[in-house]
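J.: Add 668 to the 1-based position in the sequence shown for our numbering, that's all there is to it. Cβ coordinates follow ideal geometry from the N, Cα and C atoms, glycine included. The following block contains the structure, expressed as structure tokens.
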Amino acid sequence: GRVVKVTGKYGTLERNFRHLPVVIEKYGKKQTALKVEIWFGLSKHLACMRTVCSHIENMFTGVMKKFEYKQRLVYSHFPINVNILNGGKTVEIRNYLGEKCVRTVMMYPGVTCRKSEQTKDELIIEGVDIDNTSMSAAKIHQSCLCKKKDIRKFLDGIYECESGTVDKE
Numbered sequence: 669g670r671v672v673k674v675t676g677k678y679g680t681l682e683r684n685f686r687h688l689p690v691v692i693e694k695y696g697k698k699q700t701a702l703k704v705e706i707w708f709g710l711s712k713h714l715a716c717m718r719t720v721c722s723h724i725e726n727m728f729t730g731v732m733k734k735f736e737y738k739q740r741l742v743y744s745h746f747p748i749n750v751n752i753l754n755g756g757k758t759v760e761i762r763n764y765l766g767e768k769c770v771r772t773v774m775m776y777p778g779v780t781c782r783k784s785e786q787t788k789d790e791l792i793i794e795g796v797d798i799d800n801t802s803m804s805a806a807k808i809h810q811s812c813l814c815k816k817k818d819i820r821k822f823l824d825g826i827y828e829c830e831s832g833t834v835d836k837e
């Protein structure tokens, strides 16, 4: 089939590849390896094959090691206040550039956010699915962009400082 389901230490991921003309099957003595192939593929479809393999590898990495993005709060005058609500599902950003409005960012499904205990002004976003985890980190970054000002001078915001996995090898 073209639906891949991966189970590991941190949970289960399932992804549908039915929109592509690929054949995904297990092979080997113990059926532990995956083979992805395309029959009579055009160049457009052949380019998708490597993408499918990368998606499956990221699923393996996610359920075995869990993805992690670290972001730092950068400010020059007005300290940015961050509150984490709903057990890490919602992030509230206050006092960005001294503004009174509260920015609320919802995490994607399966992603949690927490403050770092070791480092001041650092957020840690963790999740099994790399797409949801990276998009949640990007949503936090994009919520604090400095519009209509010189970005060389106004450097305030929330920036990614590190990305990788929770279990380091």
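For the segment 704–770, which segments carrying the beta strand (DSSP E) assignment without a break, of at least 3 residues, lie completely within its bounds, in sequence order?
T.: Runs of the beta strand (DSSP E) inside the segment 704–770: 735–742, 749–753, 758–762.
J.: List the endpoints of the continuous beta strand (DSSP E) containing Lys807.
T.: No beta strand (DSSP E) contains Lys807, which is instead part of the alpha helix (DSSP H) from 798–811.
J.: For Pro747, which residues in the same chain have their Cβ closer than 7 Å to its Cβ, ignoring the five residues on either side in sequence?
T.: The answer, listed in chain order, is Asn763.
J.: With 16 other CB atoms within 10 Å as the buried threshold, where does Phe735 fall?
T.: Phe735 is buried by the Cβ-count criterion.
J.: Bridge partners for Ile793 per DSSP, in chain order?
T.: Looking at the DSSP assignment, Ile793 forms a beta bridge with Tyr737, Cys781.
J.: Kindly indicate which residue of Asp797, Ile792, Ser744 has the alpha-carbon position closest to the one of Met732.
T.: Here the closest residue by C-alpha is Asp797.
J.: If you pair each beta-carbon of the segment 737–751 with each one of the segment 785–797, do three or more pairs fall below 8 Å?
T.: Contact holds: three or more Cβ-Cβ distances are below 8 Å.
J.: Answer yes or no: do Glu760 and Thr772 have a C-beta to C-beta separation smaller than 8 Å?
T.: Their beta carbons are under 8 Å apart, which means Glu760 touches Thr772 by this criterion.
J.: Do the segment 713–731 and the segment 670–680 meet, that is, are 3 or more Cβ pairs less than 8 Å apart?
T.: As far as the Cβ criterion goes, the segment 713–731 touches the segment 670–680, which means the pair count is three or higher.
J.: Output the distance between the C-alpha atoms of Lys694 and Asp824, rounded to the nearest integer angstrom.
T.: So the alpha carbons of these two residues sit roughly 49 Å apart.
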